[in-house]
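Here the protein sequences line up with chains A and B, keeping their order.
Residues 1 to 506 (full-length UniProt numbering) are what the first sequence spells out, left to right.
Residues 1 to 506 (full-length UniProt numbering) are what the second sequence spells out, left to right.
So the structure is just underneath, and the comments pick up after that.
Number of protein chains: 2
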Amino acid sequence: MAPEGEAERIAQQTPSADGQPRGTARQVLEDLRGSIPEHLLLTDPAQLTTYECDGLAAYRVTPALVVLADTAEQVAATVRSCATHRVPFVARGSGTGLSGGALPHAEGVLVVTSRLRTLHEVRPQDQRAVVDTGVINLQVSKAAGPVGYYFAPDPSSQQICSVGGNVAENSGGAHCLKYGFTSGHVLSLDLVTPTGAEVTIGTEAPDAPGYDLVGAFVGSEGTLGIATRAVVRLTRLPEEVRTVLAGFETTDQAGAATSAIIAAGIVPAAIEIMDALAIEAAEAAVSCGYPQGAGAVLVVELDGAAQEVAHEYAAVEAICQQEGCFEFRMATDATERAEIWKGRKSAFAAVGRISPDYIVQDGVVPRTSLPAVLRRMSEISAERGVRVANVFHAGDGNLHPLVLFDASEEGATKRAEEVSGMILDLCIEHGGSITGEHGVGSDKARYMPRMFTDDDLDTMQLVRCAFDPDGIANPGKIYPTPRLCGERPRVRQGAHPMTGDGVEVF
Amino acid sequence: MAPEGEAERIAQQTPSADGQPRGTARQVLEDLRGSIPEHLLLTDPAQLTTYECDGLAAYRVTPALVVLADTAEQVAATVRSCATHRVPFVARGSGTGLSGGALPHAEGVLVVTSRLRTLHEVRPQDQRAVVDTGVINLQVSKAAGPVGYYFAPDPSSQQICSVGGNVAENSGGAHCLKYGFTSGHVLSLDLVTPTGAEVTIGTEAPDAPGYDLVGAFVGSEGTLGIATRAVVRLTRLPEEVRTVLAGFETTDQAGAATSAIIAAGIVPAAIEIMDALAIEAAEAAVSCGYPQGAGAVLVVELDGAAQEVAHEYAAVEAICQQEGCFEFRMATDATERAEIWKGRKSAFAAVGRISPDYIVQDGVVPRTSLPAVLRRMSEISAERGVRVANVFHAGDGNLHPLVLFDASEEGATKRAEEVSGMILDLCIEHGGSITGEHGVGSDKARYMPRMFTDDDLDTMQLVRCAFDPDGIANPGKIYPTPRLCGERPRVRQGAHPMTGDGVEVF
Chain A
1 MAPEGEAERI
11 AQQTPSADGQ
21 PRGTARQVLE
31 DLRGSIPEHL
41 LLTDPAQLTT
51 YECDGLAAYR
61 VTPALVVLAD
71 TAEQVAATVR
81 SCATHRVPFV
91 ARGSGTGLSG
101 GALPHAEGVL
111 VVTSRLRTLH
121 EVRPQDQRAV
131 VDTGVINLQV
141 SKAAGPVGYY
151 FAPDPSSQQI
161 CSVGGNVAEN
171 SGGAHCLKYG
181 FTSGHVLSLD
191 LVTPTGAEVT
201 IGTEAPDAPG
211 YDLVGAFVGS
221 EGTLGIATRA
231 VVRLTRLPEE
241 VRTVLAGFET
251 TDQAGAATSA
261 IIAAGIVPAA
271 IEIMDALAIE
281 AAEAAVSCGY
291 PQGAGAVLVV
301 ELDGAAQEVA
311 HEYAAVEAIC
321 QQEGCFEFRM
331 ATDATERAEI
341 WKGRKSAFAA
351 VGRISPDYIV
361 QDGVVPRTSL
371 PAVLRRMSEI
381 SAERGVRVAN
391 VFHAGDGNLH
401 PLVLFDASEE
411 GATKRAEEVS
421 GMILDLCIEH
431 GGSITGEHGV
441 GSDKARYMPR
451 MFTDDDLDTM
461 QLVRCAFDPD
471 GIANPGKIYP
481 TPRLCGERPR
491 VRQGAHPMTG
501 DGVEVF
Chain B
1 MAPEGEAERI
11 AQQTPSADGQ
21 PRGTARQVLE
31 DLRGSIPEHL
41 LLTDPAQLTT
51 YECDGLAAYR
61 VTPALVVLAD
71 TAEQVAATVR
81 SCATHRVPFV
91 ARGSGTGLSG
101 GALPHAEGVL
111 VVTSRLRTLH
121 EVRPQDQRAV
131 VDTGVINLQV
141 SKAAGPVGYY
151 FAPDPSSQQI
161 CSVGGNVAEN
171 SGGAHCLKYG
181 FTSGHVLSLD
191 LVTPTGAEVT
201 IGTEAPDAPG
211 YDLVGAFVGS
221 EGTLGIATRA
231 VVRLTRLPEE
241 VRTVLAGFET
251 TDQAGAATSA
261 IIAAGIVPAA
271 IEIMDALAIE
281 AAEAAVSCGY
291 PQGAGAVLVV
301 ELDGAAQEVA
311 HEYAAVEAIC
321 QQEGCFEFRM
331 ATDATERAEI
341 WKGRKSAFAA
351 VGRISPDYIV
361 QDGVVPRTSL
371 PAVLRRMSEI
381 SAERGVRVAN
391 VFHAGDGNLH
401 PLVLFDASEE
411 GATKRAEEVS
421 GMILDLCIEH
431 GGSITGEHGV
441 GSDKARYMPR
451 MFTDDDLDTM
461 QLVRCAFDPD
471 GIANPGKIYP
481 TPRLCGERPR
491 VRQGAHPMTG
501 DGVEVF
């Protein structure tokens, strides 16, 4: 939920701080006409409205022009024209992001990459796939499955989200505890930089020479350019998968079981916890048959070699019993496994059944801080009279609290937003982060200074300015205050070597 | 071995391309006197000579001033002074690098971080350690061992190399097949940027917001600043380790066994191959007892849960037999394991026993190209009459050919250098890279254009210029031609959207 005036701030923000005149999206349109077919250039207000938000519908801005790129060259031509006229552009894949990263710019161009859908190659012998960035996440796994591989990053939206969106947001998913985020699965990217250069970053070789720009680009949320093609790493399908569901009376017990599993040296593919309110919502929505009366359920998925999984399964069962679970159930086939995951995966949408409005928060804390953070969250919830449902990737401390409210009730929205913000502060306080996997986007730029010093943020923006001196690539996202790109980095002149005090000069 | 004139090129290269006057190391010395104890500031020529090279002794340059920093603040004060006077600086940890990355600058300051040796914290519950960057790689594992963890990156120099050097070079080691390079084990860094800003990059949280600057910094070879403190990830000690040694008649057979092991879905901790010449050298040096008459030996290390290792061991044995190994031996205790590794780890130094001079090359190819590349290398060796010994991380295609020669023989050095360069070309041709894990440093800057386009290199240098507008941080390394940092990135004006042709303007 956007705080008042926030969407306007972003829409109106003029990223060019150097006083140079900006052109208009109309000039970009003129440049592209004749070379990009008319039906790919949208200017009709009704059509433009379709693109006014991504998965975070609280923020809405209608773009001035939408380009539905059919080829990487069309993306490059559009960006080059934007660079020439200094017109902002925003990239959008499938538009499923949850932080408003693909929120358009009112005077800018929205470059839609979802039609770049060629899956060029699956090379099982090298564990690689080469895909255009509009390819849907799940399509990669479907293509690689018959030869024994899959694409490991699995955001809940994987049936519709694009590889390009995964790259922009460094998407995770339930299984990133074991397999890591998108950044661990991308080897090389073809991209168009904000000045229109078409470059390849990364290589397929391990420890490639030069800077690891793939590392910096993955998760840059559209601020360093638009990727059009990716070489991704494929992961071998495990020999066996076992999914278990354990019912506990309290989240503390489920949390203790999680800690004990990890402490035993087991790295499950996923460990998820849902609390009573989240279970209630999921049951109301999809009747997933979770244990009656559970204060918390723990979903643990084990994968790997059959013998290893059997061994780990026995250990997980013993641990859960020891931590007081009153029900322990294993999916015996794919249908039962899907049933267990259905409740978990529907949880976000499901809270709509028990609350007219809700905020999906996304924060992360060190796993060891989970019990303290959960206890404090439940105190905050009680103090403020705001219900909070918890669904989280317990293995890596990634919380997704759902803050429930009824917008028609006076002051309820504000209270919910306050609680949501307090949860992020709580995460920071415990050495965690303001986002676990949804990104900063439009939604959390204002929280960045709570986590980073000005110098830290300036250092990140050095990179932004290097790639995008005119501030045209997704302006207003990630950083609360755009850096003036003409500035030289500060040198602390005459500082005393022992104290570091000194005058900062430019 | 440096081509003629190369060391001079680097020593003399004036990185400041904007015509601004540079100060001198003497001015830096004046700034630091009084705040940094005299005994930490080296100017005596005899002392300076100690630092004239790193592990790549073919390149030697005496620095103008050496600062032995005792604290992060002293590093910052030195860099700030260098920034003020626009004097080049080079960071050096233990000085074990093999690409001349720590080669000093003749007019510059060498900042030695090896005295930053505080190991602040080992936190097994979070799998983290906090260390100053001068801490020796193996010290981290020694400190974490008693609580069941270790630091996974294991370059052959791990008994003496520093964590800071590992960060600068993104060091790998025999076990990076399974555990990855240094970049996968660093969560956050405190660093001093080339303008003297002290910042923290990265966080301990997964998928931290903002750009993943840790990804870009790890492997940046001292060109983006000096790291003084690192939060690193610890890896759980495996329940069981089995190390096997298999003797084959040919490297083709050993290579086929490697492919079959990987194809079976086994990810060993390490798979190493040594060919006949490398075995001969190792035997001559350390009498490691490798199988008599072997054309190649394969060292496979399996680690993990005991049951899994037992299962994988059986599979590896069957595969090796099937591919024709004539000896298969497992280390039954730590002593026998050390014995097997001794031959492998001593191989580089050992070739000194069979050849007066040699070049250690470092390249990488896709694993599937290994047989073709090895065959072509042996043809090149025969054609040119230059012996090449092969020792390599077969699992990830990282070759370490040892090109043998006798510098006292006329033309031999030149022939060896040519063969060494041809091997790199061969790697590039097969979609590989000019360095697998030793870095670009001084040695391979000239090869970068064979692998990257001008636009690719310019894009990397955008980042370099952003961090280091005056070009004072380790100039002459990585990039063959320094970018003029005052330049704006190019925009292709008026390019035709379908062809991309256009005039590049600045």
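Even for Gly, the Cβ is constructed at its ideal location relative to N, Cα and C.
On a predicted model such as this, the values are computed, not experimentally measured, just so you know.
C-beta contact flag for residue i and residue j at 7 Å
| i | j | result |
| --- | --- | --- |
| residue 433/A | residue 216/B | no |
| residue 222/A | residue 91/A | yes |
| residue 275/A | residue 258/A | no |
| residue 407/A | residue 357/A | yes |
| residue 192/A | residue 79/A | yes |
| residue 178/B | residue 72/B | no |
| residue 403/A | residue 416/A | yes |
| residue 272/B | residue 299/B | yes |
| residue 235/A | residue 301/A | no |
| residue 55/B | residue 98/B | yes |
| residue 397/B | residue 371/B | no |
| residue 482/B | residue 448/B | no |
Option in the options with minimal Cα separation from residue i
| i | options | result |
| --- | --- | --- |
| residue 419/B | 147/B, 389/B, 174/B, 296/B | 389/B |
| residue 100/B | 430/B, 111/B, 439/B | 439/B |
| residue 70/B | 341/B, 322/B, 133/B, 109/B | 133/B |
| residue 384/A | 400/A, 398/A, 405/A | 405/A |
| residue 163/B | 231/B, 177/B, 40/B, 224/B | 231/B |
| residue 325/B | 340/B, 386/B, 280/B, 256/B | 256/B |
| residue 86/B | 479/B, 93/B, 473/B, 486/B | 473/B |
| residue 226/A | 245/A, 169/A, 129/A | 169/A |
| residue 63/A | 103/A, 39/A, 455/A | 103/A |
| residue 364/B | 75/B, 429/B, 156/B, 210/B | 429/B |
| residue 182/A | 197/A, 195/A, 165/A | 165/A |
Neighbouring residues, chain B, relative to residue i (Cβ below 8 Å)
| i | result |
| --- | --- |
| residue 465/A | 466 |
| residue 311/A | 305, 307, 308 |
| residue 478/A | 209, 210 |
| residue 392/A | What residue 392/A touches in chain B: nothing, since even the nearest Cβ is about 13 Å away. |
| residue 448/A | 209, 210 |
Contacts of residue i in chain B (Cβ-Cβ under 7 Å)
| i | result |
| --- | --- |
| residue 199/A | 455, 456, 459 |
| residue 203/A | 433 |
| residue 125/A | 368 |
| residue 437/A | 207 |
| residue 364/A | 205, 206 |
| residue 170/A | 207 |
| residue 133/A | Result: empty, since nearest Cβ-Cβ is about 18 Å, beyond 7 Å. |
Contacts of residue i in chain A (Cβ-Cβ under 9 Å)
| i | result |
| --- | --- |
| residue 523/B | There is simply no residue 523/B to check, as chain B begins at 1 and stops at 506 in what is shown. |
| residue 181/B | 206, 207 |
| residue 440/B | 209, 210 |
Contacts that residue i makes with chain A (C-beta to C-beta distance below 8 Å)
| i | result |
| --- | --- |
| residue 213/B | 216, 459, 460, 463 |
| residue 151/B | Here the premise fails: no neighbours, minimum Cβ distance about 17 Å. |
| residue 54/B | Residues of chain A passing the Cβ test: none, with the nearest at roughly 17 Å. |
| residue 89/B | Within 8 Å Cβ-Cβ: nothing; residue 89/B doesn't reach chain A, min ~13 Å. |
Proximal residues of chain B, C-beta to C-beta of residue i below 9 Å
| i | result |
| --- | --- |
| residue 220/A | 210, 211, 212 |
Beta carbon proximity, residue i to chain D, threshold 7 Å
| i | result |
| --- | --- |
| residue 265/A | Although the question refers to chain D, the structure presented lacks it and instead comprises the protein chains A and B. |
Neighbouring residues, chain A, relative to residue i (Cβ below 7 Å)
| i | result |
| --- | --- |
| residue 396/B | 206 |
**Request:** Residues of the segment 233-251 of chain B with a CB closer than 8 Å to any CB of chain A: list them in chain order, please.
**Result:** 236, 239
**Asked** Going along the chain, which residues of the segment 405-424 of chain B sit with their C-beta nearer than 9 Å to a C-beta in chain A?
**Response** none
**Unbroken stretches of the beta strand (DSSP E), 3 residues or longer, contained in the segment 391-444 of chain B** = 398-405
**Request:** Would you list, in chain order, the members of the segment 65-84 of chain B that have their beta-carbon closer than 7 Å to a beta-carbon of chain A?
**Result:** 73, 74, 76, 77, 80, 83, 84
**Item:** alpha helix (DSSP H) segments (min. 4 residues) lying fully within the segment 30-86 of chain A
**Value:** 45-49, 72-85
**Asked** In chain order, which beta strand (DSSP E) runs of at least 3 residues are fully inside the segment 267-351 of chain B?
**Response** 270-275, 296-304, 327-330
**Prompt:** Taking the runs of the beta strand (DSSP E) that are 3 residues or longer, which of them lie wholly in the segment 194-251 of chain B?
**Reply:** 198-202, 226-233, 240-248
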